[in-house]
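Line by line, the protein sequences give chains A and B. With the first letter of the first sequence counted as 1, position 183 gets the number 183 in our numbering; the numbers rise by one all the way through. With the first letter of the second sequence counted as 1, position 113 gets the number 1113 in our numbering; the numbers rise by one all the way through. Below is one structure; the comments refer to it alone.
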Amino acid sequence: MFGLRSFFIEFGAYLLLMKEAFRKPQNMHIFKRQILHEMDALGVKSIPIVVIISLFVGAAVVIQMILNLDSPIYPSWIYGFASRKSIVLEFAPTVVSLILAGKCASMIASEIGSQRISEQIDAMEVMGVNTANYLILPKVIACLVFFPLLIILSIFIGLIGGGLGGALNGLSTFHYIEGIRMDFAVYDIVYAIVKTAVNAIVISSIASFRGYTMKGGSVEVGIQSTRAVVQSSVIIMLLNLLMTNLFF
Amino acid sequence: MVELVNISKSFEGKKILKDVNIKFVQGECNLIIGLSGSGKTVLMKTLVGLYLPEQGDVLYGGRALNKMTASEQIDIRKYIGMVFQAGALFDSMTIEENVMYPLRMFQRSTYQKMLERVNFSLERVNLKGVNKMMPSELSGGMKKRVAIARAIAAKPKYLFCDEPNSGLDPQTSILIDELIYDITREYNITTIINTHDMNSVVEIGDNIYYLHEGELWWQGNKENIFHSDNKELNDFVFCTSLTKKIKEQSENK
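Laid out in structure tokens, this is it:
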């Protein structure tokens, strides 16, 4: 009972904070600069990890397909086709979002949390700055714009990794590409982008909430950063289940 | 003028401020003193609107800050400068960006004019050539001076300092005190300082307010603080051998 009550109290506080965050920025010039800065910190700097993981997971997916669908009744394009479906529908939008939750949610929560405990947020508020808007909205917009781009990159690199993994296990590149092109549906890509956009909002807003409402000292920064990663990961998985049922 | 009218504030059922009434004097240094946990920081944060009072009003020029709309509060806040205990400099920005921040945020001016103001503010606190440095590269005293420069950059009418001397050596403390005192006189601003540094009390205490367990226990100035018969105040003021000696000398005169 107490757990449910505290959940609703926290959820209410989260909604109120988001209401403050989603207001018109006080200074549009600084706001645009903040968005570009956050795109660099949260998006561009995530490219290496996305590329590395996508390449290896893409290769592993195709190798597993070859090993587990090793039967003469399956056509040779099936490996490319099944890998594309797995990468586009689940691996890129969900697994990469979880990886981004690990990297970006902890970064956002610890950054805002450190600003909170060192009174930097108080200093801005005394000056009259809407700190929720100034600190949170650029992060949400940066994630919303950049994460879908990262997911498209992840799909592309994952399919290349799959081709390499297949080639190393005797799958002809021609049949692999034939499978990738087979029965291609743009809807799958749109679904992946929509799912990623939702995940981007979840990651950035929950992590911002955890950092912004932080109280205490440096130990709390670690605790709240971990909570930000765990909570956003759980919500990503729940929403994934919901959206898969809803869209297919 | 800044005024507190019947201010009370509690946290988790514990009353931290009890019916505090203070009129702060413009153009002078107003010091709030008291033991740790007496409610000084809560009072300061209530004054600048970071905490909402449960009861009473914080008046700026006769208007209650806690009853203003958000845009009215922003108009008042443009005239508030605050120096936090640890400086609260933005650690991702250079010193120049830190001092320029309130100007960029709220003033429509050219970069050149803002830079001139930043340089003027930094020179006023005796800091030159630090524009491109990061806060982590500065000493504690320099950080405090940058915080003061940031607070005065937007030409405030009200300056709030939360324990500006904490963590500083005695010589640097005196420099910071003198700086705040001079700025207060020079710009005729209302300066409110939280401190438990007795040296500050003696040096710059134009008006002194002693808080005891959340209540305004005594008020006076640096001249009459040593002649008070208030027991709690005397216990606080004369707890060091230095202040005891000052009292003895003062009584022998």
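Heads up, the beta-carbon is just placed ideally off N, CA and C, and yes, glycines get one too.
Item	Value
Under the three-state reduction of DSSP, which class applies to B:Thr1240: helix, strand or coil?	coil
Exposed or buried, B:Phe1120, counting other C-beta atoms within 10 Å across all chains shown (16 or more means buried)?	exposed
Span of the beta strand (DSSP E) holding B:Thr1190?	1190-1195
Check whether the segment 228-237 of chain A and the segment 1022-1030 of chain B are in contact - that is, three or more C-beta pairs closer than 8 Å.	no
Using a Cβ cut-off of 8 Å, pull out every chain B residue sitting near A:Ile250, in sequence order please.	No answer is possible for residue 250 of chain A: the residues shown for chain A start at 1 and end at 248.
Is there at least one Cβ from chain A nearer than 8 Å to B:Val1048's Cβ?	yes
Are A:Val96 and A:Ile157 close, meaning C-beta to C-beta below 8 Å?	no
In three-state DSSP terms, what is B:Gln1026?	coil
Using the beta-carbon of each residue, which ones in chain B are nearer than 7 Å to A:Val129?	Met1105
For the segment 136-163 of chain A, which residues have a CB atom closer than 8 Å to at least one CB atom of chain B, in sequence order?	none
Helix, strand or coil for A:Met182? Go by DSSP, reduced to three states.	coil
Does the Cβ of B:Arg1117 have 16 or more other Cβ atoms within 10 Å, making it buried, or fewer, making it exposed?	buried
Are the C-beta of A:Glu10 and some C-beta of chain B separated by less than 8 Å?	no
Alpha carbons only, please: which of A:Phe184, A:Gly161, A:Ala92 is nearest the one belonging to A:Thr173?	A:Gly161
Per DSSP, B:Cys1161 forms a beta bridge with which residues?	B:Val1083, B:Ile1193
Within the continuous alpha helix (DSSP H) that includes B:Asn1119, where are the two ends?	1111-1124
Quick one, are the C-beta atoms of A:Asp188 and B:Ala1088 less than 8 Å apart?	no
Among all the DSSP beta bridges, which residues are the ones paired with B:Asp1057?	B:Val1005
Per DSSP, which one or two residues make a beta bridge with B:Trp1218?	B:Tyr1210
Quick one: Cα of B:Thr1110 to Cα of A:Leu36, how far?	22 Å
In the DSSP output, what is B:Leu1031 paired with across the bridge?	B:Ile1193, B:Ile1208
Would B:Phe1084 pass as an interface residue toward chain A - the criterion being a Cβ-Cβ separation below 8 Å?	yes
List the whole-angstrom C-beta distance separating B:Leu1211 from B:Ser1038, where the pair is believed to meet the contact cut-off of C-beta under 8 Å.	4 Å
How is B:Asp1019 classed by DSSP in three states: helix, strand or coil?	strand
Do A:Ile112 and A:Tyr212 have their C-beta atoms within less than 8 Å of each other?	yes
When you compare the CB positions of A:Ser232 and A:Val140, do they come within less than 8 Å of one another, or not?	no
Do you know offhand how far B:Gly1220's Cα is from B:Gly1034's?	14 Å
Roughly how many whole angstroms lie between the Cα atoms of A:Asp70 and A:Leu98?	31 Å
Could you tell me the alpha carbon to alpha carbon distance between A:Gln64 and A:Cys143, rounded to whole angstroms?	32 Å
Report the residue from B:Lys1045, B:Asn1131, B:Ile1016, B:Cys1239 whose alpha carbon sits nearest the alpha carbon of A:Glu119.	B:Lys1045
For A:Asn27, which residues in chain B fall below 9 Å Cβ to Cβ?	Arg1104, Met1105, Phe1106
Residues of the segment 106-127 of chain A with a CB closer than 7 Å to any CB of chain B: list them in chain order, please.	Ser118, Glu119, Gln120, Asp122, Ala123, Glu125, Val126, Met127
Thinking C-alpha only, which one of B:Thr1172, B:Lys1155, B:Phe1106 is nearest A:Leu29?	The amino acid at residue 29 of chain A is misidentified as Leu; the sequence shows His. Residue B:Phe1106 is the option with its Cα nearest to A:His29.
Going by Cα to Cα distance, which pick from B:Lys1143, B:Arg1124, B:Val1125, B:Asn1126 is closest to B:Met1133?	B:Lys1143
Where does the unbroken alpha helix (DSSP H) through A:Leu239 begin, and where does it stop?	218-247
Mind checking who A:Ala59 pairs with in its DSSP beta bridge?	Note: A:Ala59 sits in no beta bridge, so no partner.
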